[in-house]
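**Student:** Quick one: the structure is below, questions incoming.
Numbering (this note's numbering), first residue to last: 14 to 364.
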């Protein structure tokens, strides 16, 4: 297998580390990393320049996979297939497909668009269980509109506080302090009066634990040892991905709810998890299910009681993910993978 990083022309990557997930693909494959799946403009022309170089070098294989699973794919299926047709012209003797982490693609069954969960790409640190302390954990490193919308409401209603909860929120972008327009994201008919002004009054970031806003590869953060974990997934609507955030909740044996599209829950059920630890789930602009959790489980003791009431599901999800076998995710030997693999392999066979 050859893996080409199109952001670094001419660089071939050995399969290992974060790219261990490529072991799920046929050995006689080419993988194209870092194609601009979130950038519809000129970045694609740079990609095609790199593909022309590979064509001139007669780089070929029976299978070519365009890895779009790193980021939310902002293209429709029609646009994806148009891109795919152009990429096929550089590999006329190969079977070419996109790898996508948009959960909807698991159900669309579009030939040439193959679903692979993003959480397979991350190498996780071993979780070291600690006593469950405090009530709710909720980490928000990047300032996506849905995270700002949620955290603004929870903080404004005094539903989170530093005495009983572990949370972080970045109202300003961690790189340039820019704040997205929430009125536009909500749609004017759904937008409370002057919500963007209200949001602008918050500090750039609020952190109850001085963690420096770490990236998402450890499950030893105190937020994963609270009674209830609130996960704000990368996307909440039709672009919903299942990322390391949800996987960390499972691996840390948390009692969790995720703010994402309902299709994420459906996929987890279909591969054997029991993700419905609460009766309802937040999606798109509807954050009321999370508001209800914060209002109902209003003390650490009440939240811990609920955690213990869900232990059968929590333990099932942990064992279903691979249990104490830390390598079972990338090695695809865990129970969930045995349900995932047949349809994934069938999608490759249908190319």
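Built from N, CA and C at the ideal position, the CB exists for glycine as well.
I'd like the list of long-range same chain contacts for residue 317, defined as Cβ closer than 7 angstroms, with 5 residues on each side in sequence excluded.
**Tutor:** 145 and 240
**Student:** Start and end of the alpha helix (DSSP H) containing residue 320?
**Tutor:** For residue 320, the enclosing alpha helix (DSSP H) starts and ends at 313-322.
**Student:** I believe residue 187 touches residue 155 by the beta-carbon criterion, under 8 angstroms. Please report the beta-carbon distance rounded to the nearest angstrom.
**Tutor:** 7 angstroms
**Student:** Extract the residue ranges of the alpha helix (DSSP H) inside the stretch 173-230, only unbroken runs of 4 or more that lie entirely within it.
**Tutor:** 195-199 and 208-213
**Student:** Report the option in 81, 311, 83 and 19 whose CA atom is closest to the CA atom of residue 61.
**Tutor:** With distances taken between CA atoms, residue 61 lies nearest to 19 out of 81, 311, 83 and 19.
**Student:** Looking at the secondary structure, which residues open and close the beta strand (DSSP E) in which residue 15 lies?
**Tutor:** 15-18
**Student:** Are residue 346 and residue 297 touching if we call contact CB-CB under 8 angstroms?
**Tutor:** Taking 8 angstroms as the Cβ cut-off, residue 346 and residue 297 do not qualify as a contacting pair.
**Student:** Determine the burial state of residue 314: buried for a count of at least 16 other Cβ atoms within 10 Å of its Cβ, exposed for fewer.
**Tutor:** Exposed, because fewer than 16 other Cβ atoms sit within 10 Å of the Cβ of residue 314.
**Student:** Just tell me which of 338, 211 and 173 has its CA closest to the CA of residue 136.
**Tutor:** 338
**Student:** For residue 307, report the span of its alpha helix (DSSP H) as first-last.
**Tutor:** 301-309
**Student:** With which residues is residue 115 paired in a DSSP beta bridge?
**Tutor:** 254
**Student:** Give the C-beta separation of residue 286 and residue 328 to the nearest angstrom, bearing in mind that I take them to be a contact with Cβ-Cβ under 8 angstroms.
**Tutor:** That belief does not hold up - the Cβ atoms of residue 286 and residue 328 are roughly 12 angstroms apart, past 8 angstroms.
**Student:** Enumerate in chain order the residues of its own chain whose CB-to-CB distance from residue 37 is below 8 angstroms, with the five nearest sequence positions on each side excluded.
**Tutor:** 129, 133, 345, 354 and 357
**Student:** Taking residue 271 as part of the beta strand (DSSP E), name the residues at either end of that continuous run.
**Tutor:** 269-272
**Student:** Let's test the definition: count the other Cβ atoms within 10 Å of the Cβ of residue 30 and tell me whether it reaches 16, buried, or not, exposed.
**Tutor:** Its pLDDT being 45, under 50, residue 30 is placed unreliably by the model, and nothing is read from it.
**Student:** Give every residue of the same chain whose Cβ lies closer than 8 angstroms to the Cβ of residue 364, excluding the five residues on either side of it in the sequence, and list them in chain order.
**Tutor:** 76, 108, 109, 110, 124 and 125
**Student:** How many Å lie between residue 43 and residue 253 at the Cα?
**Tutor:** Straight-line Cα distance between these residues: approximately 26 angstroms.
**Student:** Just verifying my parser: in three-state terms, what is the DSSP assignment at residue 147?
**Tutor:** coil
**Student:** Out of 323, 100 and 118, point me to the one whose CA is closest to residue 90's CA.
**Tutor:** 118
**Student:** If you reduce the DSSP assignment to three classes, tell me which class residue 327 lands in.
**Tutor:** helix
**Student:** Take every Cβ of the stretch 269-288, pair it with every Cβ of the stretch 203-212, and state whether three or more of those distances are shorter than 8 angstroms.
**Tutor:** Below 8 angstroms, too few C-beta pairs join the stretch 269-288 and the stretch 203-212 to call them touching: fewer than three.
**Student:** State whether the stretch 302-309 contacts the stretch 160-173, with contact taken as three or more CB pairs (one from each stretch) at a distance under 8 angstroms.
**Tutor:** yes
**Student:** Can you find the residues in the same chain that come closer than 7 angstroms, C-beta to C-beta, to residue 35, ignoring five residues on each side of it along the sequence?
**Tutor:** 14, 16, 28 and 44
**Student:** Pull up the distance between the alpha-carbon of residue 276 and that of residue 46, whole angstroms please.
**Tutor:** Roughly 26 angstroms between the two C-alpha positions.
**Student:** Cα-Cα, which of 33, 199, 266 and 361 is closest to residue 323?
**Tutor:** Comparing Cα positions, the closest option is 266.
**Student:** Distance check for residue 271 and residue 259, CA to CA, integer angstroms please.
**Tutor:** 7 angstroms
**Student:** Taking the alpha carbon of residue 86 as the reference point, which residue from 116, 195, 159 and 225 has its own alpha carbon closest?
**Tutor:** 116
**Student:** Once you ignore the five residues that flank residue 40 on each side, which residues in its own chain have a CB closer than 7 angstroms to its CB?
**Tutor:** When the five nearest sequence neighbours on each side are left out, the beta carbons in the same chain lying within less than 7 angstroms of the beta carbon of residue 40 are those of 14, in order along the chain.
**Student:** Just verifying my parser: in three-state terms, what is the DSSP assignment at residue 50?
**Tutor:** In the structure shown, residue 50 sits in coil (DSSP, three-state: anything other than H, G, I, E or B).
**Student:** Can you look up residue 30 in the DSSP assignment and give me helix, strand or coil?
**Tutor:** Unreliable placement is indicated for residue 30, whose pLDDT of 45 sits below 50; the coordinate value is still reported in the next sentence. Correct three-state label for residue 30: helix.
**Student:** What's the gap between the Cα of residue 71 and the Cα of residue 350?
**Tutor:** Answer to the nearest angstrom: the Cα atoms are 35 angstroms apart.
**Student:** In three-state DSSP terms, what is residue 354?
**Tutor:** In the structure shown, the three-state DSSP call for residue 354 is helix.
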